[in-house]
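See below for the structure under consideration.
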Amino acid sequence: MDITAPTDSLLKQLVEGCVSLKRQSQKSFYEHFYGYAYAVCNRYISREEEVLEVVNDGFVKIFREMERFQLRYDSYEASLKAWIRRIFINTAIDHLRKKQLSMVTLPTETEEQIHLPAVEPTGLSAIAHKELLAMIRKLSPAYGLVFNLYVIDGYTHEEIAAMLKISVGSSKSNLSKARANLQKMLAEELNRNQKNEGERIRL
């Protein structure tokens, strides 16, 4: 089945084929959603070989649980992406937990109001997605995990606490510290670019 530009009806056929354990359907599903799956896992896992391991483990779970998929949005693909995203996120968390990653920080009941600085056109015209991802991956695993879950994937602190088995206060504390670290990295990046720009002008 060619799903280069899939319609909802084609995706529905594909899912039905996966439920029936048709290898070609599984292959097509894997190829179509691999890039999306990799992007999700790459935000949570820093080492390339581990990202690939988590991606493959996630697809195994998806094929095993495909019959549980339910349409939640008007778009079939949007529903699929939301469903598989949660599976890949949970698979990444399980992977980190197996590495005995400590998710707990000193609890706090109020989140510090730390905001990422706005990027002005001067110096750095924009922080490229690749550069921002690199900065997030420099965070400690616990900070990066909560930042990804809250800021990028839209989970609440209550949901994150339940997923990671930590307190709501710890989730808020990890997020505040992640933002503070990113704020520092962004400021350093802006300073480097402004300095380089000044040197080029003098030349």
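In terms of our numbering, the numbers along the sequence shown are unbroken and rise by one, the last being 264. Ideal Cβ positions, reconstructed from N, Cα and C, are used throughout, including at glycine.
| Check | Outcome |
| --- | --- |
| Where M127 and V112 are concerned, what is the direct C-alpha to C-alpha distance, given to the nearest angstrom? | 22 Å |
| DSSP three-state label for Q131, please. | coil |
| With 8 Å set as the bound, which would you pick, yes or no: does the beta-carbon of Q244 sit closer than that to a beta-carbon of chain D? | Absent from the structure is chain D; it holds one protein chain and no more. |
| When you compare the segment 141–159 with the segment 104–124, are there three or more beta-carbon pairs, one atom per stretch, that lie closer than 8 Å? | yes |
| Would you be able to state if there are at least three C-beta pairs under 8 Å between the segment 192–199 and the segment 231–250? | yes |
| Between the segment 130–140 and the segment 103–112, are three or more C-beta pairs nearer than 8 Å? | no |
| In the structure shown, what three-state DSSP assignment does A179 receive? | Only weak support exists for where A179 lies, its pLDDT of 39 falling under 50; the value from the coordinates is given anyway. In the structure shown, A179 sits in coil (DSSP, three-state: anything other than H, G, I, E or B). |
| Buried or exposed: T58, going by 16 or more other Cβ atoms within 10 Å of its Cβ? | Since the first and last residues shown for the chain are 62 and 264, residue 58 lies out of range. |
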